[in-house]
Amino acid sequence: MTQRLTYHLESTNSLNDRQHGFREGKSVDTAINELLRNIKTARRDGKHVLVLSIDIKGAFDNLQHRAILKTLDASACPSNINRLFHSLLQNRKVIY
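Residue numbers (the UniProt record's numbering): 1 to 96.
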């Protein structure tokens, strides 16, 4: 299911080029290399650099399923993928 969605997003150029997670050919290493390159360029140009890193624990578990489904409905996502996510997320609850 995630492969189908990823293929759709990649083939329709729907992902930001700066996104490294869950992308073929990109990783934590490529993200760090891009960050370091941007820092070096900024410092060379005499600019100030601020880096803020945030890791939100349980971020996916806390997403509102209705918001995900609404976004899928509004997108050009193929109906078969849309139906799979609707089936997976409807009437589901995250219990801690």
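Built from N, CA and C at the ideal position, the CB exists for glycine as well.
Item, Value
"Residue 100, DSSP secondary structure in three states", "Past the boundaries of the shown model lies residue 100; the chain is included only from 1 to 96, so the question cannot be answered."
"F22, buried or exposed, once every other Cβ within 10 Å from all chains shown has been counted against 16", "exposed"
"V51 (DSSP reduced to helix, strand or coil)", "coil"
"Among L72, R92 and Q64, nearest to T6 - alpha-carbon criterion", "L72"
"F60, buried or exposed, once every other Cβ within 10 Å from all chains shown has been counted against 16", "exposed"
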